[in-house]
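Single-structure report; data block below.
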Amino acid sequence: MFNLILFGPPGSGKGTQSERLIARYGLKHLSTGDILRSEIANQTRLGMEAKTLMDRGELVPDEVVIGMIRSALDNNPEAKGFLFDGFPRTKAQSVALDTLLSEKGEGINVVLALEVTEEELIKRLLNRGLTSGRTDDVNESVIRARIAEYHKKTSSVADHYREFDKVVGVKGEGTVDEIFDALCEEIEKRKVA
Ligand code: B4P
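Positions -4 to 188 (my numbering) are the ones given, in order, by the sequence shown.
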């Protein structure tokens, strides 16, 4: 298996690049943001609880997203690898993911960390908010709260994987094609054919 974490602050291009990476490498895409938005669209109880937090720019509780990832891993036994997009977002989620993978004799191969300035993140998210219908993208103060949450809780994920020498920084500004090429270059260096 080849298991990859695409890491970065909100709006850094994780969702955008994930679509292309799964198409090239045949990995199973696991985006906790997408799963949560689908729960909201289906008006499940979990979705309604998550919506309140997401609309404030806060993270959903660890046990909720860890449970979602556990089910997704169990439901995809044939996957040749996973691309984790927007997960893990806390140190506790990282430790849980490592445990879930090691129970299957697997682990994370690499964490690709997209680096984008805060000014550019805000510009991109406000721009997406014009068309996406995402309530967490329309208001600059909510976007700033998401970025603050990232610094407070999510940056520790990179620290965790740095201990295992798994983190590679990739410039997340430029065209989508340029960034995709840079990500692929790093994957190719580590991927066993
Ligand atoms: P997510 O769905 O993960 O979304 P995100 O971080 O906001 O965006 P992403 O980085 O994927 O943006 P994209 O590439 O598409 O999270 C949403 C919320 O869900 C969180 O705030 C949290 O509440 C909750 N949540 C999710 N996972 C959780 C977890 N594990 N634990 C707890 N809570 C969780 O790019 C953004 C925009 O930039 C797009 O419009 C795109 O077109 C544009 N763009 C991309 N690349 C570009 C480029 N190179 N140049 C210019 N624009 C570009």
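For each residue, glycine too, the CB sits at the ideal point set by N, CA and C.
Predicted, not measured: the structure shown is a model, and the values here were computed from it.
Closer than 5 Å between the C-beta and any heavy atom of the ligand B4P: which residues qualify, listed along the chain?
PRO5, GLY6, SER7, GLY8, LYS9, GLY10, THR11, THR27, GLY28, MET49, LEU54, VAL55, VAL60, GLY81, PHE82, ARG84, ARG119, ARG123, ARG141 and VAL171
What first and last residue would you give for the alpha helix (DSSP H) that runs through LEU95?
86 to 98
Is the CB-CB distance between ASP154 and ARG141 below 8 Å?
no
Cβ-based burial, ASN71 [other Cβ within 10 Å; buried from 16]
exposed
Buried or exposed: GLN38, going by 16 or more other Cβ atoms within 10 Å of its Cβ?
exposed
Would you report the Cα separation of ASP32 and GLY128, rounded to the nearest angstrom?
Contrary to the premise, residue 32 reads as Arg rather than Asp in this sequence. Their backbone Cα atoms lie some 11 Å apart in a straight line.
Measure the CB-CB distance between GLY8 and ILE138 and report whether it falls below 8 Å.
no
Under DSSP, the alpha helix (DSSP H) around ASP80 begins and ends at which residues?
Where ASP80 is concerned, there is no enclosing alpha helix (DSSP H), although the beta strand (DSSP E) it sits in stretches over 77 to 80.
Looking only at its own chain, which residues have a Cβ that is under 6 Å from the Cβ of LEU48, when we skip the five neighbours before and after it?
VAL55
So if DSSP puts LYS23 in a beta bridge, which residue, or which two residues, is it bridged to?
PHE77
Are the beta-carbon atoms of VAL111 and GLU168 separated by less than 8 Å?
yes
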